[in-house]
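**Q**
Numbering (this note's numbering), first residue to last: 14 to 477.
1. How would you write the range of the beta strand (DSSP E) that residue 387 sits in, first residue to last?
2. Mark residue 308 as exposed unless 16 or more other C-beta atoms lie within 10 angstroms of its C-beta, in which case mark it buried.
3. Quick one: what's got a C-beta closer than 8 Å to residue 165's C-beta in the same chain, skipping five residues either side?
4. Determine which residues share a DSSP beta bridge with residue 249 and list them.
5. Which two residues bound the contiguous beta strand (DSSP E) that contains residue 168?
6. For residue 54 versus residue 453, is the C-beta spacing smaller than 8 Å?
7. Apart from the five residues just before and just after residue 400, which ones in its own chain have a Cβ nearer than 6 Å to its Cβ?
8. Tell me where the beta strand (DSSP E) around residue 479 begins and ends.
9. Between the Cα of residue 384 and those of 378, 412, 369, 377, spot the shortest distance and give me the residue it belongs to.
10. Roughly how many whole angstroms lie between the Cα atoms of residue 22 and residue 103?
11. With DSSP as the reference, label residue 292 as helix, strand or coil.
12. For residue 320 and residue 362, I'd like the C-alpha separation in whole angstroms.
13. Among the candidates 350, 366, 299, whose CA atom is the shortest distance from the CA of residue 330?
14. Do three or more CB pairs link the region 420-438 to the region 227-238 at distances below 8 Å?
15. How many Å lie between residue 477 and residue 218 at the Cα?
16. Sorted by chain position, which residues of the same chain lie with C-beta nearer than 8 Å to residue 228's C-beta, five sequence neighbours on each side aside?
17. Given this structure, state the Cα-to-Cα distance separating residue 371 from residue 415, to the nearest angstrom.
18. Ends of the beta strand (DSSP E) at residue 408?
19. Cα-Cα, which of 326, 273, 286, 313 is closest to residue 300?
20. Which residues bound the beta strand (DSSP E) around residue 48?
21. To test your reading of the DSSP string, which unbroken beta strand (DSSP E) runs of 3 or more residues are found completely within the region 321-362?
Written as structure tokens, this is what we have:
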């Protein structure tokens, strides 16, 4: 599979603009492009999806283990002509204290893929040669094959930069002018998701495609991607994963399988494609429900899944839909299976920034000025539908809200923070499991098997 990685020396260099524009430009040329993002990002893959017209997928060794990166890549790239992988942060930035584990460089090495380095050229001159020399020599296993110059100020500036790259033998694949910047809307956690941005998101992707088409040598990019050698790996297979995790007896019948109501719409946009594929492999029927618009759960709902997103941006409208809030509360209190992550957790509390929510959990939530961010090595605090007490899982937190639990709640997780202090987090109440932790189901297919099995018990009338 032809493939290449788009990386940068630091965050904010323009990786998302270049990657999204490149995906869309190649697609305009008739190429079937498989888009990927390194790390636990949910927002960039939404723009990749618009550009490629196929799911944007994540490659995160911290969440899924480095042994799954190549199989997940092969699965996600099936049927494509070329794969474009957007990096995360700076090229060598990975999990804190883990010597680059989970970095763009780590993933590029696992995939044996060439790297194009996007450089923010503002304030750069001949000294760019020293920067590139340092990056290229830092880890010989990472094949930095060329440069994409971004934020170039003038024709003369571009020539100075090209001369600097030539000094150390790194080819320039394109130069994007400073006045050509495509602006995407941002807020407290980064870019506004494409699903919320609607028509303007599509217009932005079109603008990025036009920018890359006129600024980047697409023929040379294709030739570079073609240099990636064949990968000796077997594609990840959700059916095989569920088959191996079926110790709890999850159903196989997709016709009569349990209905999972999965929240979507503008308020709940965070999710990994592999979770939906595992649900299907386990025999569930996924029905999307938009808590901003839909007033009832789908007929026959046996479990409610609330993924992450930005409910805090839509709190008033979510609160105004009292019919669905009451339905979800009744479902949960009658013993229904409910699984929620991050934004989904906020929907289940009594109140979010003063707006009534579903009230399934005796807790309130509010925005706060500080960002909570990072990987967590968590241990299940007790038995729940998806987890067993003592099981270990690596998840990721990314939020600016704080949940204030009421008395007597049972936490979902506990872990040690960077200072070694004991932390408890989330809620495990009856058949409800809710937490700030984002997890990747490909690393723990047994959690999907257990959830669908429990939902199947609801379907058969033996659950509640």
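Using N, Cα and C, we set each Cβ at its ideal position, and we do this for glycine too. Every value quoted in this text rests on a predicted model; they were computed, and no experiment measured them.
**A** In short:
1. 376-393
2. exposed
3. 134, 171, 174, 188, 189, 190, 191
4. Its beta-bridge partners do not exist; DSSP assigns none.
5. Not the beta strand (DSSP E): residue 168 falls in the alpha helix (DSSP H), residues 168-180.
6. no
7. 393
8. Residue 479 is absent from the model: the chain starts at 14 and stops at 477.
9. 412
10. 5 Å
11. helix
12. 14 Å
13. 366
14. no
15. Residue placement at residue 477 is poorly supported in this model, since its pLDDT is 44, which falls under 50; the coordinates still yield a value, given next. Distance between the alpha carbons of residue 477 and residue 218: 47 Å.
16. 187, 188, 189, 190, 193
17. 17 Å
18. 405-418
19. 273
20. 46-51
21. 350-354
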